[in-house]
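Report on one structure; see the data block that follows.
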Amino acid sequence: MRDKYSIKVEAVAEFIAAQSSPEEERHVFAYHITITNTGSEPAQLLSRHWIITDGAGERQEVRGEGVVGEQPRLAPGEQFRYTSGSVLKTPVGSMHGSYQMVADDGTRFEAVIPAFTLAMPRVLH
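With positions in the sequence shown counted from 1, the corresponding number in the working numbering is that position plus 8.
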């Protein structure tokens, strides 16, 4: 039996060389997110909380409503995909966080966004 409230979050990051300027400490990354309702109850994404850490250990926290201007409602088995971006001073960093969700029955819960790495090509071995 699957959990009533379960959201799977997958992330893939890529370095955007054309928008970056490493000599000016500007490293631009896009990240592609897939959110899947793996539970048995429909749920809507209300807000997000990101923790972004650069290679020097500098942390930024980002909180806001929805994602890319939307608050998607996902039926069991449904997916929502979006792309966003982040700018770091260093060529390597990481992101993780959570989405605040509400099920159709009114239950609020968090969907964990597992940590993923932002890295300029050929920086990590």
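A virtual CB, placed ideally from N, CA and C, is assigned to each residue, including glycine.
- Message: Taking 6 Å as the limit between beta carbons, can you name the residues of its chain near G65, skipping five residues before and five after?
- Response: The residue given as residue 65 occupies position 57 in the sequence shown. Hits under 6 Å: none found.
- Query: In whole angstroms, what is the alpha-carbon distance linking V20 and D113?
  - Reply: Counting from one through the sequence shown, the residue named residue 20 turns up at place 12. Counting from one through the sequence shown, the residue named residue 113 turns up at place 105. Near 31 Å, if we compare the C-alpha coordinates of D113 and V20.
- Query: With a CB to CB cut of under 7 Å and the five nearest residues on each side skipped, what residues in its chain are close to A83?
  - Reply: What you label residue 83 is simply residue 75 of the sequence shown in a count that begins at 1. Contacts found: N45 and P50.
- Query: Based on Cα-Cα distance, which residue from F23, H40 and V95 lies nearest to R89?
  - Reply: Residue mapping note: residue 89 aligns to position 81 of the sequence shown, counting from 1. Residue H40 is the option with its Cα nearest to R89.
- 3 or more residues per run - each beta strand (DSSP E) lying fully within the stretch 49-78: The stretch 49-78 contains these whole beta strand (DSSP E) runs: 51-62 and 67-73.
- Query: Quick one: any contact between the stretch 31-39 and the stretch 64-79, if contact means 3 or more CB pairs under 8 Å?
  - Reply: Contact between the stretch 31-39 and the stretch 64-79 is absent, because fewer than three Cβ pairs lie under 8 Å.
- Report yes if the CB atom of G105 is closer than 8 Å to the CB atom of I121, and no otherwise. Stepping through the sequence shown from its first residue, residue 105 is reached at position 97. Stepping through the sequence shown from its first residue, residue 121 is reached at position 113. Between G105 and I121, the gap from beta carbon to beta carbon is short of 8 Å.
- Check whether the Cβ atoms of M128 and F23 lie closer than 8 Å to each other. Locating residue 128 in the sequence shown gives position 120, counting from the first residue. Locating residue 23 in the sequence shown gives position 15, counting from the first residue. In contact: M128 and F23 (Cβ atoms closer than 8 Å).
- Do you know whose CA, among D11, K12 and K16, lies nearest A123's CA? As a first step, residue 123 must be located in the sequence shown, where it is residue number 115. Among D11, K12 and K16, the Cα nearest to that of A123 is on K16.
- Query: Is DSSP giving P99 helix, strand or coil here?
  - Reply: Reading the sequence shown from its first residue, position 91 is the one you call residue 99. It is coil, neither helix nor strand.
- Buried versus exposed, by CB contacts within 10 Å (16 or more), G47: The residue labelled residue 47 in the question sits at position 39 within the sequence shown. Buried, by the Cβ-count rule.
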